[in-house]
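Novice:
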Amino acid sequence: MAVKVYNTLTRKLEDFEPIHGNRVNMFVCGVTPYDHTHLGHAKTLIGFDVIAKYLRYRGYSVLYIQNVTDVDDNLINRSKQSGVPVPDLVEKFFALQLEEMGALNMDSVNIYPRATEHMKEILDQVKGLIEKGYAYESNGNVYFEVGKFPDFGKLSKQVLDKLQAGARVEVDENKRNPEDFALWKAEKPGEPSWDSPWGRGRPGWHIEDTAMTMAYFGEQYDIHGGATELMFPHHEAEIAQAEALTGKEPFVKYWLHTGVLNVDGEKMSKSLKNFWRLQDALEEYDPGVIRFYLVNAHYRSPIELTEESFEESKQGYERLVETVQNLQFAIKAQARDDRTERDDEIEKSARETIQKFEEWMDNDFNTREAISHLFMLSTKINTALKKGLTKETLEKALSVYDTIGDVLGLFRKELEQDMVVDGLMEFLVEMREKAREEKNFEVSDEIRDRLAKIGILLEDTQDGPRWKRR
RNA sequence: GCCCGGGUGACAGAGCGGCUAAUGUGACCGACUGCAGAUCGGUUUUAAGGGGGUUCGACUCCCUCCCCGGGCACCA
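Throughout, the numbering used here is defined as the position within the first sequence, counted from one, plus 931.
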């Protein structure tokens, strides 16, 4: 069975067949580092992180590139406001972004190229587009003449005549036509600039992506991802630049778009000031909960962020984590020697869960459906655990969480082990058990309370005491 | 105005031309329990925006209307 992906370009679910056999070239628009990242950025980047990881799980060799825009209007404006030079802004916010996304286990990107590192390719492309008659120079600016590229709008299904250029942004008077977009912007005083055949200036918004992907992937590649809001004009402009330049289509075989994150019925964005910084979210919630919240929705669906939906994710994720911990505890403390029918049933369910996981992930990366099977398995495991399972079964069951967790980026912390802490805890738990045997609940409760204060939850179960981090 | 999505229980949110319409959360009851915590079982809502069409059969396909979101040259 092949992996199927929903291609925005064709609006159809298609069999995924990379251009070069097993090799997948994948590019996703990164977040411009001029400010803190918020949960909306995370939704998109986590969405593609899962896609890259699943394709690798399926045996593809994925080269995943995410660009870093290190010169643009937002950076320049922020620099003027704050007095911090553009490169310093980039360093600061990009480092923060890596740290925060890293906390969410977003670690599938191979290369983070920067626009300014690809100035030569950018200039070559702009020159090429002028030579081919698709672009023109005007007062040190270079514009792509959209009217010369009849396919413009094929991705977003826009009809050029019906668009209202200047609906939100004023039309530049240097343009021949309002719909033309900038490939190169003439220098303004005090702004970063580079030498070019048209005088000093800087790249337009769309050109860095095509410059980079052609440098790394060649003229055509497999997957381009981004949020739906970037579909027009950004992705449309990329197609125009690339296909006009090379004459080859499609520039990108599969276009994938993520739904946006809404707050109170509106898109989370910096301009609407309704954003929730990742930094702040990470202070309030476990990274696993945030990750779970984001992967427990289909990547293409928009999601509505509410206090309740986040709490719900917390409860749900903790139940899955609980099951992982129950399994770990059982392996250490209560594995049975004799196999029973329960072992057969759990092992069968474990196999089926993996099978369903692959089936649903093959179907346009349906993480939501995949996770629902993990919940069903968890209920079965927790029920079976009351009567006990063999070590072999327990380990097989645990491996399901390991395998799926790897792709979805969940349970990572829980699956790590620390021998020193384990040893210390074993000792403390033994001391407390002695106190309990003597009905000295004052001491036993104090041990538990003190542990609770440092974030360790001690529980008494039918099979003895156990502990876990909260 | 134009283009693109979407409308499913209390809430979140999947799938499917026919099955009992997943799964999760919440609420209630119960089991377990020194307490706490967790887990399990049960219960829980006449659940498909309105209208029309295709079909033996429509939540699913088509048309239309209403409502919500995204985009229209800033943005994940």
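Note that beta-carbon positions come from the ideal geometry of N, C-alpha and C, so glycine has one too.
I'd like the list of long-range same chain contacts for Thr1047, defined as Cβ closer than 7 Å, with 5 residues on each side in sequence excluded.
Specialist: Asp1001 and Val1002
Novice: Over the uninterrupted alpha helix (DSSP H) stretch that includes Tyr988, give me the two end residues.
Specialist: Leu970 to Tyr988
Novice: Taking C-alpha atoms, which residue in Glu1030, Glu1167, Gly1064 and Arg1270 lies nearest to Lys1088?
Specialist: Glu1167
Novice: Can you tell me where the alpha helix (DSSP H) with Arg1131 in it begins and where it stops?
Specialist: Counted as a single uninterrupted DSSP element, the stretch harbouring Arg1131 is not any alpha helix (DSSP H), since DSSP gives it neither H nor E.
Novice: Could you give the residue range of the alpha helix (DSSP H) that holds Asp881?
Specialist: Any property of residue 881 remains undetermined from this structure, which presents the chain solely from 932 to 1401.
Novice: In the structure shown, what three-state DSSP assignment does Ser1232 receive?
Specialist: coil
Novice: Compute the Euclidean distance between the alpha carbons of Ile1378 and Ala1026, then round it to the nearest angstrom.
Specialist: 40 Å
Novice: Pick from Glu1242, Phe1075 and Glu1118: whose alpha carbon is nearest that of Pro1109?
Specialist: Phe1075
Novice: Glu1174 and Phe1080 - do their beta-carbons sit closer together than 9 Å?
Specialist: yes
Novice: Please look up how many angstroms separate the CB atoms of Ser1375 and Arg1367, rounded, as I've assumed it's under 8 Å.
Specialist: The C-beta distance from Ser1375 to Arg1367 rounds to 5 Å, short enough to fall under 8 Å.
Novice: Which residue spans inside the stretch 1221-1272 form an unbroken alpha helix (DSSP H) run of at least 4?
Specialist: 1238-1264
Novice: Return the Cβ separation of Leu1161 and Leu1192 in integer angstroms, given the expectation that the two are a contact with Cβ distance under 8 Å.
Specialist: Contact flag wrong, Cβ pair sits at about 14 Å.
Novice: Verify whether the separation of the beta carbon atoms of Tyr1332 and Thr1254 is less than 9 Å.
Specialist: yes
Novice: What are the boundary residues of the beta strand (DSSP E) that Gly1395 is part of?
Specialist: Gly1395 to Arg1400
Novice: Please report the distance separating the alpha-carbon of Glu1326 from that of Asn1294.
Specialist: 28 Å
Novice: Give me the Cα-Cα distance between Lys1184 and Leu1086, rounded to the nearest whole angstrom.
Specialist: Cα to Cα, the separation comes out at about 12 Å.
Novice: Enumerate in chain order the residues of its own chain whose CB-to-CB distance from Thr1189 is below 8 Å, with the five nearest sequence positions on each side excluded.
Specialist: Lys974, Thr975, Gly978, Phe979, Gly1156, Gly1157, Ala1158, Thr1159, Tyr1230 and Arg1231
Novice: In whole angstroms, what separates the C-alpha of Ala1266 from that of Arg1397?
Specialist: 15 Å
Novice: Pro964 and Gln1028 - do their beta-carbons sit closer together than 9 Å?
Specialist: yes
Novice: Taking Cβ to Cβ, would you say Leu1405 is nearer than 9 Å to Gly1130?
Specialist: Only positions 932 to 1401 of the chain appear in the structure, and residue 1405 is not among them; the question remains open.
Novice: Cβ atoms of Glu1118 and Gly1132: under 9 Å apart, would you say?
Specialist: Cβ distance < 9 Å, so Gly1132 and Glu1118 count as in contact.
Novice: Run through DSSP, which three-state label would Ser1303 get?
Specialist: helix
Novice: Mapping the DSSP letters down to three states, classify Ile1335 as helix, strand or coil.
Specialist: helix
Novice: Just to confirm before moving on: does the CB-CB distance between Leu1316 and Ala1261 stay below 9 Å?
Specialist: Result yes, Cβ atoms of Leu1316 and Ala1261 sit closer than 9 Å.
Novice: Taking all protein chains shown into account, decide if Glu1031 is buried (16 or more other Cβ within 10 angstroms of its Cβ) or exposed.
Specialist: buried
Novice: Let me confirm a value: Pro1016 is counted as buried when at least 16 other C-beta atoms fall within 10 Å, else exposed. Which label applies?
Specialist: exposed
Novice: Which of helix, strand or coil does DSSP assign to Thr1141?
Specialist: helix
Novice: Looking at the structure shown, is Phe1342 part of a helix, part of a strand, or coil, going by DSSP?
Specialist: coil
Novice: If Arg1270 sits next to Thr1334, beta carbons under 8 Å apart, how far is it from one beta carbon to the other, in whole angstroms?
Specialist: Not a contact, Cβ separation roughly 23 Å.
Novice: Under 6 Å Cβ to Cβ from Gly1014, same chain only, skipping five residues before and after it: list those, please.
Specialist: none
Novice: Do Val962 and Val1338 have their beta-carbon atoms positioned less than 9 Å apart in this structure?
Specialist: no
Novice: Out of Asp1349, Ala1142, Leu1213 and Ala1212, state which residue places its alpha-carbon closest to the alpha-carbon of Met1050.
Specialist: Ala1142
Novice: Just curious, the alpha helix (DSSP H) that Ser1069 is in, first and last residue?
Specialist: Counting along the chain, Ser1069 falls outside any alpha helix (DSSP H), though it belongs to the beta strand (DSSP E) covering Ala1066 to Ser1069.
Novice: How many Å lie between Pro1123 and Glu1139 at the Cα?
Specialist: 16 Å
Novice: Using the three-state DSSP reduction, which class does Asn1105 fall into: helix, strand or coil?
Specialist: coil
Novice: Under 8 Å Cβ to Cβ from Leu1020, same chain only, skipping five residues before and after it: list those, please.
Specialist: Pro964, Tyr965, Leu1006, Arg1009, Ser1010 and Ser1013
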